[in-house]
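*Asks:* The structure that follows is given in the form of structure tokens.
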Amino acid sequence: MDVLVRFQHGLGDAVQLTCVLQHLAKHRPDWTVDVASHIGKHSAFRGQCRRSWILERDAIPERDYRQVFDLGWYECYSVYADSPCTKVCNSLREVFGIVPDRSLLKYCIDIGGQAREITGQYLSEICNVHSGLRDASTSGLWRGPNSALPYPIVAIHYEGNTSAEKKNLPHGQIGRLCQELRNQGYIPLILDWDRRSPLPDQKTIFCPGVGPGDVWDNTGTGDAERLAALIAQCALFIGVDSGPLHVAGATDTPTIGVWKGHSPIQFYDLCPNVTHLIPDRWRTVPPCQNDAAAKFFAEHYAYQTYRGSDDLESALIAAALETLAGATLAQPSVAPKSRPAPISIRAPPRDLASGNGKPRQANHISWVPFRANHNPTSPHKEMPMTTLTPAAMSWEFLPGLAREVALGADGSAFCLGVGEMPAGGYSIHRWNGADWDHIDGAAIKIAVGSDGSVWVVNREHGILRSMGVGWQPLPGLAREIACGVDGSAWCLSSGDFAPGGGSIHFWNGGDWNHVEGAAVKIAVGPDGLPWIVNSAGQIFRRSGEGWELMSGLASEIACGADGSVWCLSAAAAPTGDHSIHVWKGGDWEYIPGAAVKIAAGPAGSVLTVDAGNRIFRGR
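Written out as structure tokens, the structure reads:
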């Protein structure tokens, strides 16, 4: 059967699709598969399908195919005990009905001789520029054309185009990494098609050009096959969560993937040449709060940890030097200096005690308020999060540690502790005015209704409601839950996903009614109308039968019983916290303080949790 896969997504997604194609070749042997994709991505599929069409160039005879799959390629928010939680595994299960085969989850790009020769010539030339070494027996090449030894070059990609605040690394940090690599005799090569990096000087730090005669086959950006050929001939690749890191996974080149706000188990498949450098708080990064996801990650991914943003630089340098120490290379451009002793890489922290205990004394993350002039970065420059004169707010530190908080219209406060319960999620607690009382049950999300009811989502995404005694299971599966003062309840589905997040639903008293739109965060105003944040961080307010786009980008949203609306910025501080803002009728007013979770109650009161899981009440 002739099958066409239409794929209109980016480079990293295209590389991930190679895993799907490997599965189709094995599990759908009667299918003859063609792929239609954008230029530059098309070369990832050569050898993986019969024909790789280019959407911008080719007249594709779609009517000749028995079946056409126009892949949506949505993020996966389900957790599986036997596979990663990536778009690959989501597509295999939901679209093609195939259980992922772990042996087919390494990316694959066939590298032709021409791609290897052209990129090899470029790498040889920059070695010549850097070192002046030439070998007459190889017609000016820095090494022989048949040499299997990698060049003494470290390719680096540190600025992606999406979710920049959760991925990108500072220029200064990479500059110091490059200096250390040069001290050890290696040549840094920055991959930057948009010329955003100030580091390359084309003498000591290099960057391939884009334009006529470039190494990218005139695609205007990185061509998948050419990029794979270039990385395959380098000694090391270092990258953030973006397309080039996925391409590196299709090679055998030792690779370090640097992660800040995302988890590899959700965005990267099983490539044994890749070591992931992740925060030591990795169990708090979705979906690794879930035991099954955390267990699969620990058992199937190679990783090292760093303690915080200040530790990331030294941990990255140590990991790079440790990886390069065992490399066998063509002659380095300069004699390496003596290599310093590796910086120790910290192991993940021990599991936190169960329940909602008192604040930890060791390894505490200090409360560092944002400056009044802090201006969160945003990829959507036309819709900035305006920072105005800070409003007055007093903060009270509450005992205990929490992952989630909720406030009722009557001021009642609830939280989810940091300790895992045997089943269902985290322990549930209610504030008694002096401390937190434990109540039966476990959850990963919590909201408080106007009648004092408690609504939760458990680890299996089941929805439950309590009126004070026991828990009543409700239909549906959710990832977020929110309640309004008018008695309304809204949720975001865990199963039906579209671009922007999960599908949106409101409770009709017996079931959930669907509302157009998609989101990753939701809160409900006293009028029963929700505010949402989508996967791009954009903020919307319900207006009639549609949605009104508001200014700013956010990571969390909360609505108070008094009609106030609060959010946390999309951009994070080095501590991992986000700045706090309140809506003032036309713009976002900055509130001194910082948090990773926020809940709003009556009379302008809020409850927050910071990156150290500490709880604060603001009035």
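The opening residue of the sequence shown carries number -3 in this note's numbering; numbering runs sequentially from there. Yeah, the Cβ is synthetic: ideal placement off N, Cα and C, and Gly gets one too.
1) Could you tell me whether the segment 259 to 275 touches the segment 183 to 190, where touching means 3 or more Cβ pairs closer than 8 Å?
2) Pick helix, strand or coil for W427, following the three-state DSSP scheme.
3) Should the segment 232 to 251 be regarded as contacting the segment 54 to 74, the criterion being three or more beta carbon pairs within less than 8 Å?
4) Where does S362 fall in DSSP's three states?
5) Near C411, what residues of its chain come up, given a Cβ to Cβ distance below 6 Å and the 5 sequence neighbours on each side ignored?
6) Once the 5 residues before and after A77 are set aside, which same chain residues still bring their CB inside 8 Å of it?
7) In the DSSP assignment, the beta strand (DSSP E) including E392 goes from what residue to what residue?
8) Taking the straight line between their C-alpha atoms, what separation do you get for D573 and A55?
9) What does the alpha-carbon distance come out to for the pair N504 and W486?
10) What residues are listed by DSSP as bridge partners for T28?
11) Which ranges does the alpha helix (DSSP H) cover as unbroken runs of at least 4 residues, wholly within the segment 525 to 558, from first to last along the chain?
12) Ignoring anything shorter than 3 residues, give me the beta strand (DSSP E) runs that lie fully in the segment 242 to 319, in order along the chain.
13) Go to I107, then tell me how far its beta strand (DSSP E) extends in each direction, as first and last residue.
14) What residue from E309, D219 and S99 has the CA that sits closest to P570's CA?
15) Along the chain, where does the alpha helix (DSSP H) containing K517 start, and where does it finish?
16) Taking all protein chains shown into account, decide if E541 is buried (16 or more other Cβ within 10 angstroms of its Cβ) or exposed.
17) Nearest to P194 by alpha carbon, out of G235, H167, G209 and L173?
18) Assuming A225 and T115 make a contact with CB atoms under 8 Å, what is their CB distance in whole Å?
19) Y586: which of I611, A599, G548 and L88 sits nearest, CA to CA?
20) Taking Q468 as part of the alpha helix (DSSP H), name the residues at either end of that continuous run.
21) Does the segment 84 to 91 touch the segment 0 to 16, meaning 3 or more C-beta pairs lie closer than 8 Å?
22) Give the secondary structure of G618 by DSSP, where H, G and I count as helix, E and B as strand, and everything else as coil.
23) With distances taken between CB atoms, is the gap from V206 to A220 smaller than 9 Å?
24) Hey, A557 and V481 are a contact pair by Cβ (cut 8 Å); roughly how many whole angstroms apart?
25) If we count the other Cβ atoms within 10 Å of its Cβ and call it buried at 16 or more, is S390 buried or exposed?
26) Helix, strand or coil, according to DSSP, for N509 in the structure here?
27) Contact between the segment 471 to 478 and the segment 505 to 521 is defined here as three or more beta-carbon pairs at a separation below 8 Å; is this criterion met?
28) My output table needs one value for C203: the three-state DSSP class, helix, strand or coil.
29) Closer than 8 Å is the cut-off here; do at least three beta carbon pairs connect the segment 41 to 58 with the segment 276 to 285?
30) Look up P184 in the DSSP assignment and give the residues it is bridged to.
31) Take L241 as the anchor and find which of G581, D583, G156 and G582 has the nearest alpha-carbon.
32) Given a cut-off of 9 Å, decide if G253 and L273 are closer than it, judged by their beta-carbon atoms.
33) So is H153 buried or exposed if we call it buried at 16+ other beta carbons inside 10 Å?
34) Look at the alpha carbon of E392 and the alpha carbon of A439, and state the distance between them as a whole number of angstroms.
35) Let me know the secondary structure DSSP gives V592 once reduced to three states.
*Replies:* Quick look at the numbers:
1) By the Cβ test, the segment 259 to 275 is not in contact with the segment 183 to 190, since fewer than three Cβ pairs between them sit closer than 8 Å.
2) In the sequence shown, the residue the question calls residue 427 occupies position 431. In the structure shown, W427 adopts extended strand secondary structure according to DSSP, grouped into three states.
3) Result no; under three Cβ-Cβ pairs closer than 8 Å.
4) Position 366 of the sequence shown, counted from the start, is the residue given in the question as residue 362. With a pLDDT of only 23 at S362, under 50, the local geometry of the prediction cannot be trusted, and the value read off the model is given with reservation. Correct three-state label for S362: coil.
5) What you label residue 411 is simply residue 415 of the sequence shown in a count that begins at 1. A398, V401 and H425.
6) For this step, residue 77 is matched to residue 81 along the sequence shown. When the five nearest sequence neighbours on each side are left out, the beta carbons in the same chain lying within less than 8 Å of the beta carbon of A77 are those of A288, K291 and F292, in order along the chain.
7) Counting from 1 along the sequence shown, the entry for residue 392 is found at position 396. W391 to L397 is the extent of the beta strand (DSSP E) around E392.
8) For the purposes of this step, residue 573 is identified with residue 577 of the sequence shown, where counting begins at 1. For the purposes of this step, residue 55 is identified with residue 59 of the sequence shown, where counting begins at 1. Going by the C-alpha atoms only, they are around 49 Å apart.
9) In the sequence shown, counting from the first residue as 1, residue 504 sits at position 508. In the sequence shown, counting from the first residue as 1, residue 486 sits at position 490. The alpha-carbon of N504 is positioned some 10 Å away from that of W486.
10) In the sequence shown, residue 28 corresponds to position 32, counting from 1. The partner list for T28 (beta bridge, DSSP) reads D(-2).
11) Segments of the alpha helix (DSSP H) lying fully in the segment 525 to 558: there are none.
12) DSSP runs (the beta strand (DSSP E)) wholly in the segment 242 to 319: 251 to 254, 270 to 275 and 298 to 302.
13) By 1-based counting over the sequence shown, the position of residue 107 is 111. For I107, no beta strand (DSSP E) encloses it, and the DSSP letter there is neither H nor E.
14) One-based indexing of the sequence shown puts residue 570 at position 574. Ranking E309, D219 and S99 by Cα distance to P570 puts E309 first.
15) Against the sequence shown, residue 517 aligns to sequence position 521. No alpha helix (DSSP H) contains K517, which is instead part of the beta strand (DSSP E) from K517 to V520.
16) As a working note, residue 541 is residue 545 in the sequence shown. Exposed, because fewer than 16 other Cβ atoms sit within 10 Å of the Cβ of E541.
17) Position 198 of the sequence shown holds residue 194. Of the listed residues, the one whose Cα sits closest to P194 is H167.
18) The count along the sequence shown starts at 1 and reaches residue 225 at position 229. The count along the sequence shown starts at 1 and reaches residue 115 at position 119. Confirmed, Cβ separation roughly 4 Å.
19) Here residue 586 is taken as the residue at index 590 of the sequence shown, counted from 1. Each of I611, A599, G548 and L88 was checked against the Cα of Y586, and the nearest Cα belongs to G548.
20) Here residue 468 corresponds to residue number 472 of the sequence shown, with the count starting at 1. Per DSSP, Q468 belongs to no alpha helix (DSSP H); it is in the beta strand (DSSP E), Q468 to C479.
21) These segments touch.
22) Outside the shown range of the chain, which is -3 to 615, sits residue 618, and nothing can be said about it.
23) If you number the sequence shown from 1, residue 206 lands on position 210. If you number the sequence shown from 1, residue 220 lands on position 224. No, Cβ-Cβ distance for V206 and A220 is not below 9 Å.
24) Residue numbering aside, residue 557 sits at position 561 when the sequence shown is read from its first letter. Residue numbering aside, residue 481 sits at position 485 when the sequence shown is read from its first letter. Between V481 and A557 the Cβ distance is about 5 Å, and since that is below 8 Å, they are a contact.
25) To locate residue 390, count along the sequence shown from 1; it is residue 394. Per the 10 Å Cβ criterion, exposed.
26) For the purposes of this step, residue 509 is taken as residue 513 along the sequence shown, with counting starting at 1. Looking at N509 - three-state DSSP - the assignment turns out to be strand.
27) In this structure the segment 471 to 478 lies against the segment 505 to 521, because at least three pairs of beta carbons, one per stretch, are closer than 8 Å.
28) Residue mapping note: residue 203 aligns to position 207 of the sequence shown, counting from 1. In the structure shown, C203 falls within a coil segment according to DSSP collapsed to helix, strand and coil.
29) With a cut-off of 8 Å on Cβ pairs, the segment 41 to 58 is not in contact with the segment 276 to 285, counting fewer than three such pairs.
30) As a working mapping, residue 184 is identified with position 188 in the sequence shown. For P184, the beta-bridge partners assigned by DSSP are V150.
31) The residue you call residue 241 lines up with position 245 of the sequence shown. For the residues G581, D583, G156 and G582, the minimum Cα distance to L241 belongs to G156.
32) Taking the sequence shown and counting its residues from 1, the one referred to as residue 273 is at position 277. Taking the sequence shown and counting its residues from 1, the one referred to as residue 253 is at position 257. It is a contact, given that the beta carbons lie within the stated cut-off.
33) Along the sequence shown, one-based indexing puts residue 153 at 157. Residue burial is scored here from C-beta neighbours: H153 has at least 16 other C-beta atoms within 10 angstroms and is therefore classed as buried.
34) Here residue 392 refers to the residue found at position 396 of the sequence shown. Here residue 439 refers to the residue found at position 443 of the sequence shown. Taking the straight line joining both Cα atoms gives about 25 Å.
35) As a position in the sequence shown, residue 592 is number 596, starting the count at 1. In the structure shown, V592 falls within a coil segment according to DSSP collapsed to helix, strand and coil.
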